[in-house]
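Asker: Starting off with a structure, shown below.
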Amino acid sequence: MPELPEVEVVRRGLAPHVIGRTIAEVEVLEPRAARRHAGGPADLVDQLRGVRVAALVRRGKFLWWRLEDAGGEDLGVALMTHLGMSGQLRVRGADAQSDAASSDAVAASSGPRPDPLRHRRITLRLDDGTLVDFIDQRIFGGLWTSPLVTASDGQAAGMGGDDALLPADAAHIGRDLLDPAIDLEAVAARIRARSASVKSLLLNQEIASGIGNIYADEGLWEARVRYDTPGSRVSRARTLALLEATAAVMRRALEVGGTSFDALYVNVDGRSGYFARSLSAYGREGEPCPRCGTAIRRVSFMNRSSHFCPACQRKRS
DNA sequence: GCTTACCTGCCA
DNA sequence: TGGCAGGTAAGC
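Residue 50 in full-length UniProt numbering sits at position 50 of the first sequence; the count goes up by one each step and never skips.
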């Protein structure tokens with residue numbers, strides 16, 4: 001499940017392939033992947049054909065492509081990409097290697113494997129022949145365009161950009177925990193001002209963005225805070241510690257994730273490497289807490305799973 | 001502020 | 001075959 005670190009891995013992997021390139025053609029194989037585009041799939045194709053990619057910018061889990069015309073004039077609109085639950089962006093063609101021969105070779109050596117393009121929904125063809133595939137099994141994610149507006153604090157809108165312009169559809173999204181312009185004291189104050197559960201506030205992308213179910217559980221475990229503690233019942237110091245711990249987990253994930261892809265293949269699978277080894281609570285129901293040995297519990301909360309140590313993360317209500 | 005819909009594949 | 005995975009946004 002792509003959260004902030006996974007989306008940042010995609011941004012870094014994709015950037016050298018697309019920045020400065022022109023979009024030559026767009027193929028929409030699954031209209032539902034463009035359902036957030038106001039004008040529909042055909043309009044998305046028309047709007048993107050012939051425009052140049054000026055930058056790839058990310059805030060939280062939102063990744064957008066800044067667009068300019070052939071003369072380098074900003075078009076005032078961005079191509080939004082959100083990976084949802086199962087989205088991937090992959091590069092093929094041109095300098096990337098993903099043809100049938102190499103796929104067959106892999107299949108022959110490691111047994112049958114699913115077609116990597118099985119859930120291809122949209123493909124962008126760039127002027128140098130590079131193909132960028134948006135692949136998404138569950139179609140929670142998608143591509144659409146959104147006009148640029150100015151960030152309210154006037155600071156750089158996200159990672160990969162140098163001005164305060166961001167898509168209107170991302171303007172309600174808070175800065176993420178790895179954003180140098182984030183005001184952690186203000187985020188902590190917003191959490192402490194509310195009686196809702198601290199986990200629901202961590203997952204609220206308007207307060208601070210980029211955190212999903214996995215990193216929320218990990219951050220809460222690190223800071224020894226239980227998921228259902230009201231925001232208002234967490235001390236200022238512990239709230240700041242929680243935010244710092246969550247940021248630290250995401251930074252570590254980013255470091256590991258950053259080594260698992262090469263320049264020719266933009267890997268977006270959040271499970272690669274890091275997930276198999278480094279999680280302390282998420283997905284570890286019944287296993288001993290790495291800190292105290294008590295069995296990790298899994299409970300259903302807010303229609304999703306919450307993993308926690310019943311000894312380290314005590315009820316504070 | 002909570003619930004529901006959107007989605008598909010996998011697993012018990 | 002029903003439950004589960006969960007990010008986002010609309011609806012109540």
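We put the beta carbon where it would ideally sit given N, CA and C, even for glycine. The structure presented is a predicted model; accordingly, all values stated were derived computationally and were not measured.
Could you give the DSSP three-state label for G219: helix, strand or coil?
Answerer: G219: helix per DSSP, three-state reduction.
Asker: For G93, which residues in the same chain have their Cβ closer than 7 Å to its Cβ, ignoring the five residues on either side in sequence?
Answerer: G129, T130 and L131, listed in sequence order.
Asker: How is the alpha helix (DSSP H) around Q205 delimited, first residue to last?
Answerer: No alpha helix (DSSP H) contains Q205, which DSSP labels as neither H nor E.
Asker: Nearest to P2 by alpha carbon, out of G293, L83 and V57?
Answerer: When each option's Cα is compared against that of P2, the closest is L83.
Asker: Considering only residues of the same chain and omitting the five flanking positions on each side of S195, which have a CB-CB separation below 8 Å?
Answerer: So the list reads P230, G231 and S232, once near-sequence residues are dropped.
Asker: Assuming E244 is part of the alpha helix (DSSP H), what are its boundary residues?
Answerer: Note, E244: alpha helix (DSSP H), R236 to G257.
Asker: Using a Cβ-Cβ cut-off of 6 Å (strictly less than) and excluding sequence neighbours within five positions of M250, which residues of its own chain qualify?
Answerer: Contacts found: L4, P5 and Y215.
Asker: Excluding sequence positions up to five away, which residues of its chain have a Cβ less than 7 Å from the Cβ of I207?
Answerer: If we look at I207 and ignore the five residues flanking it on each side, its Cβ neighbours are G174, V187, R190, I191 and L201.
Asker: Could you tell me the distance, in whole angstroms, from the CA atom of L184 to the CA atom of L240?
Answerer: Rounded to whole angstroms, L184 to L240 spans 7 Å at the Cα level.
Asker: Would you say L203 and A247 are within 8 Å of each other, going by their C-beta atoms?
Answerer: Taking 8 Å as the Cβ cut-off, L203 and A247 do not qualify as a contacting pair.
Asker: Once the 5 residues before and after R304 are set aside, which same chain residues still bring their CB inside 7 Å of it?
Answerer: Excluding positions up to five away in sequence, the list reads N213.
Asker: According to DSSP, is E185 helix, strand or coil?
Answerer: In the structure shown, E185 sits in a helix (DSSP, three-state: H, G or I).
Asker: Under a three-way DSSP split, which group does R192 fall into?
Answerer: R192 falls in the helix class under three-state DSSP.
Asker: Give me the Cα-Cα distance between G219 and L243, rounded to the nearest whole angstrom.
Answerer: One C-alpha to the other measures close to 7 Å.
Asker: Quick check on DSSP: helix, strand or coil for Q47?
Answerer: Here Q47 sits in helix by DSSP.
Asker: Under the DSSP definition of a beta bridge, which residues are partnered with M159?
Answerer: DSSP lists R58 as partners of M159.
Asker: I'd like to know if the region 282-292 and the region 32-39 are in contact, where contact means that at least 3 CB-CB pairs between them fall below 8 Å.
Answerer: Touching, no, given that fewer than three Cβ pairs across the two stretches are closer than 8 Å.
Asker: Classify G160 as buried or exposed, calling it buried when 16 or more other Cβ atoms lie within 10 Å of its own Cβ.
Answerer: G160 should be labelled buried.
Asker: Give the straight-line distance between the Cα atoms of L63 and V198, rounded to the nearest whole angstrom.
Answerer: L63 and V198: Cα-Cα distance of roughly 26 Å.
Asker: S103 to D115, Cα distance in whole Å?
Answerer: In this prediction, S103 scores a pLDDT of 44, lower than 50, which makes its location untrustworthy; the coordinate-derived value is nonetheless stated afterwards. S103 and D115: Cα-Cα distance of roughly 9 Å.
Asker: With a 10 Å radius around its C-beta and 16 neighbouring C-beta atoms as the bar for buried, classify S146 as buried or exposed.
Answerer: Under this definition S146 is a buried residue.
Asker: Rounded to whole angstroms, what's the CA-CA distance from G257 to T294? Just pull it up for me.
Answerer: Between G257 and T294, the C-alpha separation is close to 29 Å.
Asker: Under 6 Å Cβ to Cβ from residue 319, same chain only, skipping five residues before and after it: list those, please.
Answerer: Beyond the ends of the chain as shown, which are 1 and 317, falls residue 319; an answer cannot be given.
Asker: Counting only the same chain and skipping the five closest in sequence on each side, list residues whose C-beta sits under 6 Å from that of P31.
Answerer: So the qualifying residues of the chain are P41.
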